[in-house]
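Protein chains: 2
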Amino acid sequence: MYTKTGRTTIKKVASVAGVSTQTVSRVINNRPDVSSKTRKRIQDVIEELGYQPSALARSLIHQRSYTLGVVTAGLKYIGPSCTLNGITAAAEEAGYALILKELPRFDATNNEPIFQELVSHHVDGIIWAVQEVRGNRSWVNQLALDSDIPIVYLTMEPRENISVVLINNYMGGCMAMSHLLDQGYRHIGHISGPLDWWEARQRMKAWKDALEEAGIGFHDHSWVEGNWSSASGARAAEKLFEQYTDMDSILVANDQMALGAIQIVHQKGLQIPQDIGIVGFDNIPESAFYWPALTTVNHDQYNLGRVAVQETIKIIESVRQGLTPISLKSITLEPTLVVRDSSLRLKA
Amino acid sequence: MYTKTGRTTIKKVASVAGVSTQTVSRVINNRPDVSSKTRKRIQDVIEELGYQPSALARSLIHQRSYTLGVVTAGLKYIGPSCTLNGITAAAEEAGYALILKELPRFDATNNEPIFQELVSHHVDGIIWAVQEVRGNRSWVNQLALDSDIPIVYLTMEPRENISVVLINNYMGGCMAMSHLLDQGYRHIGHISGPLDWWEARQRMKAWKDALEEAGIGFHDHSWVEGNWSSASGARAAEKLFEQYTDMDSILVANDQMALGAIQIVHQKGLQIPQDIGIVGFDNIPESAFYWPALTTVNHDQYNLGRVAVQETIKIIESVRQGLTPISLKSITLEPTLVVRDSSLRLKA
DNA sequence: CTGAAAGCGCTAACAC
DNA sequence: GTGTTAGCGCTTTCAG
Chain A
60 MYTKTGRTTI KKVASVAGVS TQTVSRVINN RPDVSSKTRK RIQDVIEELG YQPSALARSL
120 IHQRSYTLGV VTAGLKYIGP SCTLNGITAA AEEAGYALIL KELPRFDATN NEPIFQELVS
180 HHVDGIIWAV QEVRGNRSWV NQLALDSDIP IVYLTMEPRE NISVVLINNY MGGCMAMSHL
240 LDQGYRHIGH ISGPLDWWEA RQRMKAWKDA LEEAGIGFHD HSWVEGNWSS ASGARAAEKL
300 FEQYTDMDSI LVANDQMALG AIQIVHQKGL QIPQDIGIVG FDNIPESAFY WPALTTVNHD
360 QYNLGRVAVQ ETIKIIESVR QGLTPISLKS ITLEPTLVVR DSSLRLKA
Chain B
60 MYTKTGRTTI KKVASVAGVS TQTVSRVINN RPDVSSKTRK RIQDVIEELG YQPSALARSL
120 IHQRSYTLGV VTAGLKYIGP SCTLNGITAA AEEAGYALIL KELPRFDATN NEPIFQELVS
180 HHVDGIIWAV QEVRGNRSWV NQLALDSDIP IVYLTMEPRE NISVVLINNY MGGCMAMSHL
240 LDQGYRHIGH ISGPLDWWEA RQRMKAWKDA LEEAGIGFHD HSWVEGNWSS ASGARAAEKL
300 FEQYTDMDSI LVANDQMALG AIQIVHQKGL QIPQDIGIVG FDNIPESAFY WPALTTVNHD
360 QYNLGRVAVQ ETIKIIESVR QGLTPISLKS ITLEPTLVVR DSSLRLKA
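Chains as they are written, first to last, in our numbering: chain A, 60 to 407; chain B, 60 to 407.
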């Protein structure tokens, strides 16, 4: 098994076909200037030998690898992996290969080695598909700005001269809040994500702002910080029921925590949505099958990945063509609200 | 932004430091035979220029890339992405880079282009992290056997002369069944995964065999095929209640479908686990927060990925060292049962 | 200790 | 139409 035969090279093909490597090169690149007879012969040899041109050698010559570096974190969670799903699909479509790196932690801050390794592999562009958490964007200004390889960042506070693709978390939170208010809920608690996450802060801000705007206002006892997990959602809900005795609904910053919260509501013998309305965030596939089915904010993480790839390639192309320095911009994707039973107190 | 400056090469470093490229090469490879003075100077220049050696050029020379190809499918599902999580971690640890390909469908059968592309990138080994579905392993015997690059397959029926890492799905199903029988359930229904999946068949076989062994036997009306989704689990449960009127429990082939089934049980006003016991499979993090908490079969998909990487590298190494032809073997990981409320009828 | 030459697999540019 | 030369960025011999 697995004898060390080594690679079939263009040289080998050339010698077997009795031509120069050049001619073989012309054939594999579909150049016109080869006699159809020679071409046929070479193609046969290629087939026979199972020859596959080396992408590495080509990358060296062309100064272009058609390879993108993808940096992610937390693949064991469904959000990052959906985004990666979109990235692989779009990259495939565009004919780019992907080199994947996963950070050991979301808030990893020593990113230069990762970056260097991607450079070492001659990637044409980088997609930084890690959420903004704590200080994990501090390096952006230093290192990335003077890099000459295009980088597109995902899910962070937009900045000048940086290409960012993000989902409008704030808007999502606002939609959820309007809905709860529409349903007549007035004592709306909040289970936030960990507040060193930019996304968690955005979602929470929507909750606050909506309460202010509705003339209700909020108190510190009416929210609790979670860590995205169902377990933390359950704990947070328990605490919330203690602190906020006349609470009639909860905006939960993701669906997993919402599941934990729902479990607590059941344990207390309260009815959803009559006694307590629940709205989640993310629209994970399971949320439609919670008991009761969860109202939640839907956002398309798959598409986030797709758009990021497309944007990256667009920048690569324009740099290659030496076009006028591209002005880097942010792209914001808008979420939608999915209304289900968990918040539908006023039946139509 | 992004001026086309081009790469800093070893040549550049050499000329700035006033030495030959050779000497620079010695420094970046930590060779001893360089005067500490020259070394220092070169290191400074490297630092200053932000020089990063080209992994591509090195791969060409060494006939070795320290790169693994990973082929996956269904990243939007939590299983495959957990496995990928384990793969990235183990690869990082071992100093290997990863080239990622995702198949458009689980049962994609035209895999030669994928394979060829990985070859083209000089990967040292391949991890085929796609579950065995329908005919998607038919190519294995032809193409892969005479490839001289090591391939490790995940989650498939073991075969001779092929390296496979898998989880013992059958055993997992058996454990779940013993537990249900221990709890006094006798009319155990089954919601299977799609039966063109090898894993689904294994889990179902455990259900059948256990019923036979217990002297209960099974009928065609006591199981329904799902497609892994919660929606299909709900539909299957409804059907099952119609077909199998004295059913007292269900072995569900994954946790998502179990969630759907639970929703139906609630809708019928039945009690879990008193009227109906439910056992799932996979132990997704949310399952502990279902209502009631789900008894399920736990298996470590993260570890599956880790082991696959380690095994791949082991094979690569022994081929390189020209050791006696390695005998390829399967590695089976054993699952565990996590007992929670959904099946605990006999309180201790 | 350091450098020059050759070559990994391939292609651009130029011959013929 | 086809072959030759040079070189992408690097390392391995082998000289000095």
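By construction, the Cβ of each residue, glycine as well, lies at the ideal position given by its N, Cα and C atoms. None of these values were measured; they are calculated from a predicted model.
If B:S401 and B:Y361 are in contact, beta carbons under 8 Å, what's the gap, nearest whole angstrom? For this step, residue 401 of chain B is matched to residue 342 along the second sequence. For this step, residue 361 of chain B is matched to residue 302 along the second sequence. B:S401 to B:Y361, Cβ: 24 Å. No contact.
Provide the residue(s) that pair with A:V192 in DSSP beta bridges, ordered along the chain. Start at 1 with the first residue of the first sequence, and residue 192 of chain A comes out as number 133. Residue pairing by DSSP places A:V192 opposite A:W256 in a beta bridge.
Work out the CA separation of B:I158 and A:Y61 for me, nearest whole Å. What you label residue 61 of chain A is simply residue 2 of the first sequence in a count that begins at 1. What you label residue 158 of chain B is simply residue 99 of the second sequence in a count that begins at 1. One C-alpha to the other measures close to 21 Å.
Chain A contacts made by the segment 189-221 of chain B, where a contact means CB separation under 7 Å: Cβ contacts with chain A come from D207, P209, N220.
Am I right that A:I186 and A:V223 are in contact with their C-beta atoms under 8 Å? What's the rounded C-beta distance? The residue labelled residue 186 of chain A in the question sits at position 127 within the first sequence. The residue labelled residue 223 of chain A in the question sits at position 164 within the first sequence. Not quite, the Cβ-Cβ distance comes to about 11 Å (not below 8 Å), so this is no contact.
Let me see if you follow: with CB-CB separation under 8 Å, is A:I374 close to chain B or not? What you label residue 374 of chain A is simply residue 315 of the first sequence in a count that begins at 1. Closer than 8 Å to some Cβ of chain B, the Cβ of A:I374 qualifies, so yes.
Please go through the same chain and pick out, in chain order, the residues whose beta-carbon is closer than 6 Å to the beta-carbon of B:Y212, but skip the five residues on each side of it. Position 153 of the second sequence, counting from 1, holds the residue named residue 212 of chain B. Excluding residues within five positions, the ones whose Cβ falls inside 6 Å are W187, V223.
Exposed or buried, which one is A:L382 when buried takes at least 16 other CB atoms within 10 Å? As a working note, residue 382 of chain A is residue 323 in the first sequence. Its Cβ having fewer than 16 others within 10 Å, A:L382 is exposed.
Among all the DSSP beta bridges, which residues are the ones paired with A:I185? Here the question's residue 185 of chain A lines up with position 126 in the first sequence. DSSP lists A:G128, A:I210 as partners of A:I185.
For B:P332, count the other beta carbons within 10 Å of its own beta carbon; 16 or more makes it buried, fewer makes it exposed. Which is it? Locating residue 332 of chain B in the second sequence gives position 273, counting from the first residue. With 16 or more Cβ atoms within 10 Å of its Cβ, B:P332 is classed as buried.
Span separating the alpha-carbon of A:R90 from that of A:V83: Taking the first sequence and counting its residues from 1, one reaches residue 90 of chain A at position 31. Taking the first sequence and counting its residues from 1, one reaches residue 83 of chain A at position 24. Distance between the alpha carbons of A:R90 and A:V83 is about 10 Å.
Segment contact flag, the segment 252-260 of chain A with the segment 283-293 of chain A, C-beta cutoff 8 Å, min 3 pairs: Taking 8 Å as the limit for Cβ pairs, the verdict is that the segment 283-293 of chain A does touch the segment 252-260 of chain A.
Contact between the segment 136-149 of chain B and the segment 134-150 of chain A is defined here as three or more beta-carbon pairs at a separation below 8 Å; is this criterion met? yes
Short Cβ contact (8 Å threshold) for B:N228 with B:E393: Sequence index remark: in the second sequence, residue 228 of chain B carries index 169 (1-based). Sequence index remark: in the second sequence, residue 393 of chain B carries index 334 (1-based). No, the Cβ-Cβ distance between B:N228 and B:E393 is not below 8 Å.
If the criterion is Cβ atoms closer than 8 Å, does the pair A:G319 and A:S281 meet it? For the purposes of this step, residue 319 of chain A is taken as the residue at position 260 of the first sequence. For the purposes of this step, residue 281 of chain A is taken as the residue at position 222 of the first sequence. Going by C-beta atoms, A:G319 is not nearer than 8 Å to A:S281.
Please say whether B:D341 and B:T355 have beta carbons closer to each other than 8 Å? Against the second sequence, residue 355 of chain B aligns to sequence position 296. Against the second sequence, residue 341 of chain B aligns to sequence position 282. A contact, by the Cβ cut-off of 8 Å.
Please determine if the segment 366-375 of chain B and the segment 308-317 of chain A are in contact, where contact requires at least 3 C-beta pairs separated by less than 8 Å. no
Does the distance from the CB of A:T126 to the CB of A:V199 come in under 8 Å? As a position in the first sequence, residue 126 of chain A is number 67, starting the count at 1. As a position in the first sequence, residue 199 of chain A is number 140, starting the count at 1. Contact: no.
Examine chain A for any beta-carbon lying closer than 8 Å to the beta-carbon of B:T64, and answer yes or no. Locating residue 64 of chain B in the second sequence gives position 5, counting from the first residue. By this cut-off, B:T64 is an interface position.
Would A:I210 be called buried (16 or more neighbouring beta carbons within 10 Å of its own) or exposed? Position 151 of the first sequence, counted from the start, is the residue given in the question as residue 210 of chain A. So A:I210 counts as buried.
Backbone secondary structure at B:T168 - three-state DSSP: Counted from its first residue, the second sequence places residue 168 of chain B at position 109. Annotated three-state conformation of B:T168 is coil, per DSSP.
Using the three-state DSSP reduction, which class does A:S386 fall into: helix, strand or coil? Counting from 1 along the first sequence, the entry for residue 386 of chain A is found at position 327. Of the three classes helix, strand and coil, the one that applies to A:S386 here is coil, per DSSP.
Close-in-space but distant-in-sequence residues of the same chain around A:I337 (CB under 8 Å, 5 per side omitted): Looking up residue 337 of chain A in the first sequence gives position 278. Contacts found: S308, I309, V311, A317, A320, I321, V324, I331, L353, T354, S401, S402.
When you compare the CB positions of A:L387 and A:N170, do they come within less than 8 Å of one another, or not? As a working mapping, residue 387 of chain A is identified with position 328 in the first sequence. As a working mapping, residue 170 of chain A is identified with position 111 in the first sequence. Going by C-beta atoms, A:L387 is not nearer than 8 Å to A:N170.
What is the C-beta distance between A:I146 and A:V178, in whole angstroms, given that I count them as a contact (C-beta under 8 Å)? Locating residue 146 of chain A in the first sequence gives position 87, counting from the first residue. Locating residue 178 of chain A in the first sequence gives position 119, counting from the first residue. A:I146 to A:V178, Cβ: 19 Å. No contact.
Got a sec, what are the start and stop residues for the beta strand (DSSP E) A:H249 sits in? Residue mapping note: residue 249 of chain A aligns to position 190 of the first sequence, counting from 1. Counting along the chain, the beta strand (DSSP E) containing A:H249 begins and ends at 247-251.
Within the same chain, show all residues whose beta-carbon is closer than 6 Å to that of A:L299, passing over the 5 residues directly before and after it, in chain order. Residue mapping note: residue 299 of chain A aligns to position 240 of the first sequence, counting from 1. The answer, listed in chain order, is G248, V283.
Select from A:G231, A:Y155, A:L240, A:K96 the residue whose C-alpha is nearest the C-alpha of B:I173. Here the question's residue 173 of chain B lines up with position 114 in the second sequence. Selected option, being the one with the closest Cα: A:Y155.
Who are the near neighbours of A:V93 in its chain, counting only those whose CB is closer than 7 Å to its CB and skipping five residues on each side? Within the first sequence, numbered from 1, the residue matching residue 93 of chain A stands at position 34. Taken in chain order, the residues that qualify are T82, R85, V86.
Buried or exposed (CB count within 10 angstroms, at least 16 for buried), B:L405: The sequence position of residue 405 of chain B within the second sequence is 346, counting from 1. B:L405 is exposed by the Cβ-count criterion.
Would you give the residue range spanned by the beta strand (DSSP E) that A:L162 belongs to? As a position in the first sequence, residue 162 of chain A is number 103, starting the count at 1. Note, A:L162: beta strand (DSSP E), 156-162.
Any beta carbon of chain B sitting closer than 8 Å to that of A:G381? Here residue 381 of chain A refers to the residue found at position 322 of the first sequence. At least one chain B Cβ lies under 8 Å of A:G381.
In whole angstroms, give me the CA-to-CA distance for A:T97 and A:S118. Numbered from its first residue, the first sequence carries residue 97 of chain A at position 38. Numbered from its first residue, the first sequence carries residue 118 of chain A at position 59. Answer to the nearest angstrom: the Cα atoms are 27 Å apart.
Using 8 Å for Cβ pairs, my map puts B:G339 next to B:N357. What's the rounded Cβ distance? Taking the first residue of the second sequence as 1, we reach residue 339 of chain B at position 280. Taking the first residue of the second sequence as 1, we reach residue 357 of chain B at position 298. The pair is not a contact, with the Cβ atoms about 10 Å apart (cut-off 8 Å).
Taking buried to mean at least 16 other C-beta atoms within 10 Å of its own C-beta, is B:T371 buried or exposed? On the second sequence, residue 371 of chain B is found 312 positions in, with the first residue counted as 1. Buried, by the Cβ-count rule.
Expressed to the nearest angstrom, what Euclidean distance is found between the alpha-carbon atoms of B:E376 and B:K71? Within the second sequence, residue 376 of chain B is the residue found at index 317, counting from 1. Within the second sequence, residue 71 of chain B is the residue found at index 12, counting from 1. Roughly 34 Å between the two C-alpha positions.
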